[in-house]
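**Q** Residue 959 in our numbering sits at position 154 of the sequence shown; the count goes up by one each step and never skips. Pasting in a structure now, in structure tokens, and then I'll have a few things to ask.
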Amino acid sequence: MSLPDGAGHGTVGILGVGSLAGAVVEGLCEGVDVPPRVVLSPRGADTATRLAATYPTVRVAADNQAVLDASDTVLVCLRERDAGVLSTLTWSEAHCVVSATAGLSAARLAAAVAPARQLARAVPMVAVAERAWTTPVRPAVPRAVALLERLGGAMAMGSDEEFDAVYTALGTVAPFVDYLRTVSAFLADHGVDRPAADRLLGRSFALLAPELAAADVDLGRLLRAHAPSGGGNDQLATLLREAGVPAATRAALDEVFRRQTHGVWE
Ligand SMILES: NC(=O)c1ccc[n+]([C@@H]2O[C@H](COP(=O)([O-])OP(=O)(O)OC[C@H]3O[C@@H](n4cnc5c(N)ncnc54)[C@H](OP(=O)(O)O)[C@@H]3O)[C@@H](O)[C@H]2O)c1
């Protein structure tokens, strides 16, 4: 496939080479006529070595500082507990730094990578590997946006508070899968083979994907469409509401948001 020329985008450095970085490199390089040059930090050696062996424009640096020294735009894919390493490195004013690290605030990022000033935070997903995710970004620094455009697109968030809320809201897949497992256990208790129950529910919910992915998706409308009055869906939704499930979900979200932002938006 043909994407914008990699030349002119400079070299992309990646600090923290795990599952997210693997997806990013695939999105930048797989099937791209002129992929950018990518320099990877050496930790997560298995992934880094595999990526460098797969894509000719990707190489592994000797250490984290060598990543910075070879890069114009640095994508931070570290876990928050490892992000302390950022302030041990020597940054340049010319660096554009894009952080994908959950829980790393704009203020902490800025302090850690000074004197770099072109800073953005982003919420990529592993779907960037297929360039199938529009990445929320804040602020919309041009070089950060240019990088994310190569990965499927960028969506500028209007404020830091909005950005942090989006980060929290996108971390809600596990409770959804937990819900499906509860339904699956119900089926198993009634004699359905557990793998078959998981498959049945997986396929049933996968059928929702086109409706959920539609550009004009309206969750209220979708709920009404799937809950004809008095039917099983309607009864279950009502019973769960009466049991306080939506309120508990909201309270848990508020608590995760508070923890991730250290209460800054309270
Ligand atoms: N995965 C996703 O879909 C996703 C989506 C959005 C945001 N994020 C965020 O992206 C970050 C990374 O997530 P992930 O799932 O890719 O985590 P991961 O698979 O655990 O990868 C993190 C990598 O960082 C490496 N690392 C640790 N300390 C380092 C250091 N001092 N210098 C260089 N590399 C170091 C780790 O190496 P070792 O294994 O040797 O410790 C590991 O390879 C997290 O903050 C996460 O919240 C992830």
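Think of the CB as a built atom: it goes at the ideal place given N, C-alpha and C, for glycine as much as any other residue.
Any heavy atom of ligand 1 closer than 6 Å to the beta-carbon of T906?
**A** The answer is yes for T906.
**Q** Quick one: what's got a C-beta closer than 7 Å to G823's C-beta in the same chain, skipping five residues either side?
**A** Same-chain partners within the cutoff: G849, T852, C882.
**Q** Do the region 854-864 and the region 836-846 touch if we need at least three Cβ pairs shorter than 8 Å?
**A** Enough Cβ pairs lie closer than 8 Å, so yes.
**Q** Given that a residue counts as buried once 16 or more other Cβ atoms are within 10 Å of its Cβ, and exposed if not, what is R955?
**A** When all chains shown are included, R955 counts as buried.
**Q** So, are the CB atoms of A993 and R986 less than 7 Å apart?
**A** No, the Cβ-Cβ distance between A993 and R986 is not below 7 Å.
**Q** Below 8 Å on the Cβ atoms is my contact criterion, and I expect L909 with E885 to pass it. Report the Cβ-Cβ distance as a whole number of Å.
**A** Indeed, because the Cβ distance is near 6 Å, the residues count as touching under 8 Å.
**Q** Closer than 8 Å by C-beta to S897: which residues in its own chain qualify, once you throw out the five before and the five after it? Chain order, please.
**A** Result list for S897: L873, P920, A921, in chain order.
**Q** In or out: S876 buried (at least 16 other Cβ within 10 Å) or exposed?
**A** Result: buried.
**Q** Compute the distance between the beta-carbons of Y972 and V918, then report whether it is under 7 Å.
**A** Not in contact: Y972 and V918 (Cβ atoms no closer than 7 Å).
**Q** For A945, I'd like the list of residues in its chain whose CB is within less than 8 Å of its CB, leaving aside the five on either flank, ordered along the chain.
**A** Answer for A945: A925, A959, A961, listed in chain order.
**Q** From A907, A871, V903, A915, pick the residue whose C-alpha is nearest to that of S892; which is it?
**A** For the residues A907, A871, V903, A915, the minimum Cα distance to S892 belongs to A915.
**Q** Once DSSP output is grouped into helix, strand and coil, what is the label at C882?
**A** Reduced to three states, the DSSP call for C882 is coil.
**Q** Check the DSSP bridge columns for M962 and list the partner residues they point to.
**A** Paired residues: none, contrary to the question.
**Q** If R936 and G1025 are in contact, beta carbons under 8 Å, what's the gap, nearest whole angstrom?
**A** Not really, about 30 Å apart at Cβ, beyond 8 Å.
**Q** Quick one: grab the DSSP three-state call for V903.
**A** Looking at V903 - three-state DSSP - the assignment turns out to be strand.
**Q** Is G1035 close to ligand 1? I mean its beta-carbon at under 6 Å from any heavy atom of the ligand.
**A** The answer is no for G1035.
**Q** Beta-carbon within less than 8 Å of T862's beta-carbon, same chain only, minus the 5 sequence neighbours each way: which residues are those?
**A** Cβ neighbours of T862 beyond the five flanking positions: G811, C834, P840, P841, R842, V843.
**Q** Could you spell out the range, first to last residue, of the beta strand (DSSP E) harbouring P941?
**A** Element bounds for P941: 940-943.
**Q** Among residues of its own chain, excluding the 5 on either side of Q1065, which ones have a beta-carbon nearer than 7 Å to its beta-carbon?
**A** Excluding positions up to five away in sequence, the list reads A907, G908, D969, Y972, T973.
**Q** Please name the residue, chosen from V830, G1035, V1069, that lies closest to V931 on a Cα-to-Cα basis.
**A** Comparing Cα positions, the closest option is V830.
**Q** Report the partner residues of G818 according to the DSSP bridge assignment.
**A** DSSP output for G818 lists V844, V879 as bridge partner(s).
**Q** Tell me the rounded alpha-carbon separation between A934 and T895.
**A** In a straight line, the C-alpha of A934 is about 30 Å away from that of T895.
**Q** Exposed or buried, S904, counting other C-beta atoms within 10 Å across all chains shown (16 or more means buried)?
**A** S904 is buried by the Cβ-count criterion.
**Q** Let me know the secondary structure DSSP gives E865 once reduced to three states.
**A** Note that residue 865 corresponds to Val in the displayed sequence, not to Glu. It is a strand residue.
**Q** Could you spell out the range, first to last residue, of the beta strand (DSSP E) harbouring R926?
**A** Where R926 is concerned, the enclosing beta strand (DSSP E) stretches over 923-927.
**Q** Taking only heavy atoms of ligand 1 into account, decide whether any of them is closer than 6 Å to the Cβ of V1061.
**A** Every heavy atom of ligand 1 is 6 Å or more from the Cβ of V1061, so no.
**Q** What's the C-alpha gap between V978 and Q1040?
**A** Computed Cα separation, rounded: 24 Å.
**Q** Within 6 Å: the Cβ of R848 and any heavy atom of ligand 1?
**A** Yes, Cβ of R848 sits closer than 6 Å to a heavy atom of ligand 1.
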